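Accompanying notes for the structure given below.
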Amino acid sequence: MPGAAVAVVHQDRMIDAKGFGRREIGKPARVDPDTVFQLASLSKPLASTVIAGLVSDKIVTWDDRLVDHSPDFRMHDASITASLTIRDMCSHRSGLPEHAGDQLEDMGYGREEILRRLRHIPTHNLFRSQHAYTNFGLTAGAVAAANAAGQSWEALSSERLYKQLGMHATSSRLADFLARANRARGHVLIDGRWRARYQRRPDAQAPAGGASSTVTDMARWMRLHLNRGTYNGRPLIAEKALAETYRPHMVNTPSQPIDARYGFYGLGWNVNYDELGRVTLGHSGAFELGAATAVALLPAEQLGIVVLTNGQPIGVPEALAKSFVELVTYGRVTQDWLARFRPIFEEMAQDGHSPIDYAARLPAPVHALAHTCYAGRYLNDLYGPLDILRRGRALTMRQGLTPTGFSLTHYNHNTFYYATTGENAVGLSGVTFTIGATGAATHVTVENLDREGLGTFTRTASR
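For any residue, its number in this note's numbering is found by taking its place in the sequence shown, counting from 1, and adding 1.
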């Protein structure tokens with residue numbers, strides 16, 4: 002891992018905080034406890050803390066309907082729209098499929114437009130019956146709460162939480178992170194070496210993944226939780242409002258070999274019970290473009306650890322947190338947790354990759370039609386416009402609002418492929434045209450956008 006920072010809190014005191022490694026590979030600046038990292042999904046328990054503050058002050062309740070505070074918000078099913086609550090969104094039980102809306106962020110859409118487009122995603126009768134992790138579902142719930150308070154999410158989180166705790170290096174704005182002199186640059190593994198290649202820009206999903214902070218600041222936040230809503234002797238959030246975030250709402254993991262127990266999701270928290278029957282609270286954050294984070298709290302012991310790193314997720318923060326908890330509990334680490342976690346993260350990184358090896362050329366592919374048969378504009382209710390453009394002897398595909406195009410390479414007959422990019426990149430993905438009676442394409446299906454059967458675009462005009 003290029004760089005990391007760790008802080009430990011015990012009995013209302015930060016007892017240790019250290020930095021390790023480099024802010025950016027190849028440059029001399031080292032990580033310290035005040036280095037700012039992007040938190041990725043570790044933003045979620047921060048967000049539920051902010052909302053708990055609003056609940057404490059009776060500005061909202063967890064069971065307020067979204068439409069009461071975000072009247073333009075719609076789900077695919079009108080009956081769900083009428084019933085959907087902040088609680089549903091913060092516990093990932095809205096019925097939206099896993100990571101609904103994430104691809105729209107890669108396509109250049111902003112927060113308001115992504116939330117508007119969620120109405121085009123069917124829920125398949127899964128409302129309140131199945132946990133499905135959705136960044137933009139939680140974002141919609143947080144935005145509704147912010148609307149009730151009459152503020153933007155960025156202003157609300159700053160005023161209601163960060164400033165109250167003295168978390169002066171913490172923000173839910175990318176611009177603030179980029180303005181920090183002491184910040185960690187994200188890294189990805191390329192041919193086995195860490196490279197600072199990309200900058201993740203998560204403003205669209207700020208409540209779910211857009212916060213940035215230091216371990217020193219995060220220690221203040223952990224103290225708030227471990228002290229049941231009190232900080233430096235001053236009550237900030239009602240204990241009851243915070244406690245609701247720890248209550249299991251949905252089963253989010255079946256029993257697994259790692260701990261042989263079911264896992265649950267509360268409101269912005271993973272909630273588990275260890276082998277001693279103690280409640281454990283935690284959350285991880287992961288940007289494939291270069292961030293991995295984790296927090297673990299043992300409320301009964303008034304103990305917590307936070308680990309922030311600037312490399313793509315391979316299980317390091319989770320392994321460190323798990324090892325620390327074992328050291329505290331047993332006086333020893335029972336196994337190599339990185340060796341245990343790393344295959345899990347490698348499998349997760351392969352999720353969504355095509356079963357077809359497009360890089361392997363077919364021995365006798367069927368020739369493509371003339372490029373004029375494919376070129377044109379295609380539309381999709383969820384994803385918006387897709388343009389197939391002729392560029393000399395090649396075809397280029399442009400998705401959504403992204404200004405740059407993707408080069409299409411012929412694979413077989415009416416199927417091409419392209420190299421996906423961005424946070425949700427899945428390697429090479431297919432682009433298959435359906436040809437109509439006139440000999441021109443009428444539809445095109447983009448494989449990596451079609452996991453829920455929503456990746457087909459209909460032709461509107463030739464180009």
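For each residue, glycine too, the CB sits at the ideal point set by N, CA and C.
Only a predicted model underlies this, so the values are computations on that prediction, with no experimental measurement involved.
Between the stretch 94-114 and the stretch 49-58 there are fewer than three inter-stretch CB-CB distances shorter than 8 Å, so the stretches are not counted as touching.
Taking a contact as a CB-CB distance under 8 Å, the pair Ala197 and His188 counts as one, their CB atoms being some 5 Å apart.
For Ala426, the closest of Gly353, Pro364 and Phe21 by C-alpha to C-alpha distance is Gly353.
If you look at Arg117, you'll find it isn't in any beta strand (DSSP E); it sits in the alpha helix (DSSP H) that goes Arg112 to Arg118. Assignment of Asp35 by DSSP, reduced to helix, strand and coil, places it in the coil class. Checking the DSSP bridge columns, you'll see Ile306 partnered with Val9 and Ala297. Taking every protein chain shown into account, the CB of Gly264 has 16 or more other CB atoms within 10 angstroms, so this residue is buried.
When Ala301, Phe137 and Ala295 are compared, the shortest CA-CA separation from Gly312 is found for Ala295. Within the same chain, Cβ atoms closer than 8 Å to the Cβ of Leu328 are found at Val334, the five residues on either side in sequence being excluded. Inclusion of His77 and Thr124 in the CB contact set at 7 Å is warranted, their separation being smaller than that value.
According to DSSP, Met168 shares a beta bridge with no other residue.
C-alpha of Gly167 to C-alpha of Trp270: approximately 23 Å in a straight line.
Look at Thr422 here: in three-state DSSP terms it is coil, with no helix or strand label. DSSP links Gly20 through a beta bridge to Ala6. When secondary structure is reduced to three states using DSSP, Met251 falls in the strand class. Excluding residues up to 5 positions away in sequence, Ser355, Thr421, Glu448 and Asn449 lie with their Cβ nearer than 6 Å to the Cβ of Ser430 in the same chain. Its chain contains Ile315 and Gly316 as the residues whose beta carbon lies nearer than 7 Å to that of Arg343, once the 5 sequence neighbours on both sides are disregarded; these appear in chain order. Minimum Cα-Cα distance from Arg118 among the listed residues Arg279, Ala212, Arg129 and Gln104 corresponds to Gln104.
Annotation note: the stretch 41-122 contains the following uninterrupted alpha helix (DSSP H) runs of length 4 or greater, listed N- to C-terminal: 44-57, 67-70, 79-84, 87-91, 103-107 and 112-118.
The closest CA to that of Gln206, considering only Ile191, Gln131, Ala361 and Arg174, is found on Arg174. Per DSSP, His125 is not a residue of any beta strand (DSSP E), being assigned neither H nor E. Nearest to Ala30 by alpha-carbon distance, out of Glu424, Trp222, Pro72 and Arg186, is Arg186. Contact annotation: the stretch 451-460 does not touch the stretch 358-374, with fewer than three C-beta pairs closer than 8 Å.
Classified as exposed, Pro366 has fewer than 16 neighbouring CB atoms from the shown chains inside 10 Å of its CB.
Cα atoms of Leu225 and Gln12: separation of roughly 11 Å, rounded to the nearest angstrom. For Thr335, the secondary structure class from DSSP, reduced to helix, strand or coil, is coil.
Val326 is positioned such that its CB atom lies no closer than 7 Å to that of Pro318. Between Leu67 and Ala145, the gap from beta carbon to beta carbon is short of 7 Å. With contact defined as three or more Cβ pairs closer than 8 Å, the stretch 139-157 and the stretch 82-96 are in contact. Under the 10 Å beta carbon count, Met349 is surrounded by fewer than 16 other beta carbons and is classified as exposed. For the pair Ala147 and Ser71, the Cα-to-Cα distance works out to about 10 Å. In this structure, DSSP gives His444 an extended state, which the three-state scheme calls strand. Membership of Gly431 in the beta strand (DSSP E) is indicated by the continuous run Leu429 to Ile436.
In terms of Cβ geometry, Tyr418 and Tyr331 do not form a close pair [threshold 7 Å]. For the pair Ser49 and Thr246, the Cα-to-Cα distance works out to about 7 Å. One thing to note: Leu157 has its Cβ no nearer than 7 Å to the Cβ of Ala149.
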